[in-house]
Amino acid sequence: MKQAEEVGLPRAAALLKSDNVDSMEEWLAFLKSKTTAEFREKSERFKSMRGRRTLLHRTSRKSFACLEEELKQQSESPDMISRSDVWLCAYEAKKKKGSNEEVEDPEIVKQVKKYKEEEEVASQPYSIKNDAVAKVLGPDRRGRVRGYGFGALPSKVDFQSHVSSKVTILENALAAQGQVVDQLKEMVRSLCARLDQGGNKENTSAQQSTSATGQRKRKENPSVVAAASVSDMAHSKHNDANVKSFNNSRGNGNLIQQSFNGNEQYSGDGRPTKTQKADPGKQVCLLSWYDKEELVVATAGILSKNPEVKVHHVPLGHDCWKVSVHEVFHDIALYRPTSEFSKLDASIGSVIAWPIKYIKVN
606 MKQAEEVGLP RAAALLKSDN VDSMEEWLAF LKSKTTAEFR EKSERFKSMR
656 GRRTLLHRTS RKSFACLEEE LKQQSESPDM ISRSDVWLCA YEAKKKKGSN
706 EEVEDPEIVK QVKKYKEEEE VASQPYSIKN DAVAKVLGPD RRGRVRGYGF
756 GALPSKVDFQ SHVSSKVTIL ENALAAQGQV VDQLKEMVRS LCARLDQGGN
806 KENTSAQQST SATGQRKRKE NPSVVAAASV SDMAHSKHND ANVKSFNNSR
856 GNGNLIQQSF NGNEQYSGDG RPTKTQKADP GKQVCLLSWY DKEELVVATA
906 GILSKNPEVK VHHVPLGHDC WKVSVHEVFH DIALYRPTSE FSKLDASIGS
956 VIAWPIKYIK VN
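Our numbering numbers the first residue of the sequence shown as 606 and each following residue consecutively.
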């Protein structure tokens with residue numbers, strides 16, 4: 606001011622005039638408003654107020670609302686951003702760009718950070734009445750919420766925070782349940798695979814043990830094997846004769862069908878023909894159930910024709926008889942596979958269910 610008086614106020618004003626001011630009159634009016642006693646008093650008052658401040662707003666011209674929006678965009682969980690997070694981001698010490706100088710937070714910021722960490726460890730329901738900012742700075746004024754600006758009400762902010770926390774808890778619980786369900790599905794798949802492998806191994810071991818038992822019996826009783834061979838040769842000749850007669854009857858157009866009860870047969874014209882009854886204990890021949898031509902695959906003895914009798918825990922029904930396998934000529938798959946064996950050769954000396962229409966009575 607003294608220098609301006611020495612050179613003269615008009616000349617000093619002309620030298621200090623800014624380029625963005627259009628006219629000299631506007632510039633002189635601006636200088637006059639800033640040199641009044643009222644302006645000087647106001648300037649001193651605000652200067653003393655700035656001297657009493659303990660916290661510095663470190664976000665330049667950004668408001669709390671802009672700062673909160675930036676934090677939500679940068680966070681993976683936007684709903685978890687609280688007032689304490691926004692307040693700390695606004696007042697914590699920040700390094701200058703390109704500077705490695707260590708900075709230290711004010712004591713109040715340190716206390717807010719301490720209470721904020723305790724809240725995260727305790728996992729208590731969030732409320733602005735007892736959050737980290739309220740514990741350090743004291744309760745808010747009536748009808749106002751510190752850090753949310755004009756128009757924010759405590760009840761409204763608390764309700765929104767409560768709903769957001771509930772939604773977050775439910776989403777986390779749903780995600781955890783989804784992981785548990787995926788683990789259970791994987792366990793079920795592995796158990797099913799193990800059961801399948803175990804079943805295959807049991808079937809293989811049962812077939813091997815049955816075959817080994819049959820071979821051991823043959824080695825121990827060669828006389829029985831020789832007698833069975835003679836009987837089998839006789840049965841084979843008889844079966845060949847039956848096959849020829851069957852083919853002749855089919856060639857003549859009189860196809861003979863056997864009824865389920867085994868007592869009657871019907872020719873192609875529907876007239877019943879007399880046949881020999883298949884009594885229990887009688888020797889029969891088992892025919893292949895999937896070959897097109899009639900093929901004798903084994904000899905067996907009839908044990909039961911009752912449909913309610915069970916073979917390996919399964920009822921016979923009206924289309925099968927219970928037979929005991931004596932000798933096998935062709936090893937084919939069983940008509941009804943069981944958990945013990947699935948091939949005819951493995952069932953020697955055991956009982957099986959065989960379809961009636963593929964049993965030839967001798």
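Idealized CB from N, CA, C, for every residue including glycine.
Check, Outcome
"Report all residues from its chain with a CB closer than 6 Å to the CB of residue 696; omit the five preceding and five following residues, and keep chain order.", "660 and 714"
"For residue 670, collect the residues of the same chain with a Cβ closer than 7 Å to its Cβ; drop the 5 residues on either side in sequence, then sort them by chain order.", "754"
"Under a three-way DSSP split, which group does residue 932 fall into?", "strand"
"Determine the closest residue to residue 768 out of 735, 719 and 687, with distance taken between C-alpha atoms.", "687"
"Could you check what DSSP says for residue 922 in three-state terms: helix, strand or coil?", "coil"
"Buried or exposed: residue 752, going by 16 or more other Cβ atoms within 10 Å of its Cβ?", "buried"
"Can you find a C-beta in chain C that's less than 8 Å from the C-beta of residue 731?", "In summary, chain C is missing from the structure at hand, where a single protein chain is found."
"Between which two residues does the alpha helix (DSSP H) carrying residue 656 extend?", "642-656"
"Taking a contact to mean a Cβ-Cβ separation below 8 Å, would you say residue 930 touches residue 953 in this structure?", "yes"
"Between which two residues does the alpha helix (DSSP H) carrying residue 738 extend?", "737-742"
"Three or more beta-carbon pairs under 8 Å between the stretch 899-917 and the stretch 925-945, yes or no?", "yes"
"One question on the structure: do residue 894 and residue 910 come within less than 8 Å of each other, judged by their Cβ atoms?", "no"
"Which residues does DSSP pair with residue 888 in a beta bridge?", "906"
"Give the range of the alpha helix (DSSP H) segment to which residue 965 is assigned.", "Where residue 965 is concerned, there is no enclosing alpha helix (DSSP H), although the beta strand (DSSP E) it sits in stretches over 964-966."
"Counting Cβ pairs closer than 8 Å, one from the stretch 727-742 and one from the stretch 679-693, do we hit at least three?", "yes"
"Can you name, in chain order, every residue of its own chain whose Cβ lies under 7 Å from the Cβ of residue 684, other than the five neighbours on each side?", "769, 772 and 773"
"Roughly how many whole angstroms lie between the Cα atoms of residue 758 and residue 747?", "9 Å"
"Let me confirm a value: residue 892 is counted as buried when at least 16 other C-beta atoms fall within 10 Å, else exposed. Which label applies?", "buried"
"Exposed or buried, what is residue 796 when buried is set at 16 or more other beta-carbons lying within 10 Å of its beta-carbon?", "exposed"
"With a 10 Å radius around its C-beta and 16 neighbouring C-beta atoms as the bar for buried, classify residue 785 as buried or exposed.", "exposed"
"From the DSSP output, in three-state form, read off residue 717 for me.", "helix"
"Would you kindly report the start and end of the unbroken beta strand (DSSP E) that includes residue 956?", "956-960"
"Please name the residue or residues paired with residue 691 in a DSSP beta bridge.", "Residue 691 is not bridged to any residue."
"Starting from residue 629, trace the alpha helix (DSSP H) in both directions and tell me its first and last residue.", "629-639"
"Kindly provide the ranges of any alpha helix (DSSP H) runs that are 4 or more residues long and lie completely inside the stretch 734-797, ordered along the chain.", "737-742"
"What does DSSP give as the partner residues of residue 927 in its beta bridges?", "909 and 958"
"With residue 898 as the anchor, note down where its alpha helix (DSSP H) starts and where it stops.", "Segment: none, residue 898 is in no alpha helix (DSSP H) and carries neither H nor E."
"Classify residue 622 as helix, strand or coil using the three-state DSSP reduction.", "coil"
"Would you kindly work out how many angstroms separate the C-alpha atoms of residue 624 and residue 682, rounded to a whole number?", "49 Å"
"Are the CB atoms of residue 916 and residue 958 nearer to each other than 8 Å?", "yes"
"Span of the alpha helix (DSSP H) holding residue 672?", "669-679"
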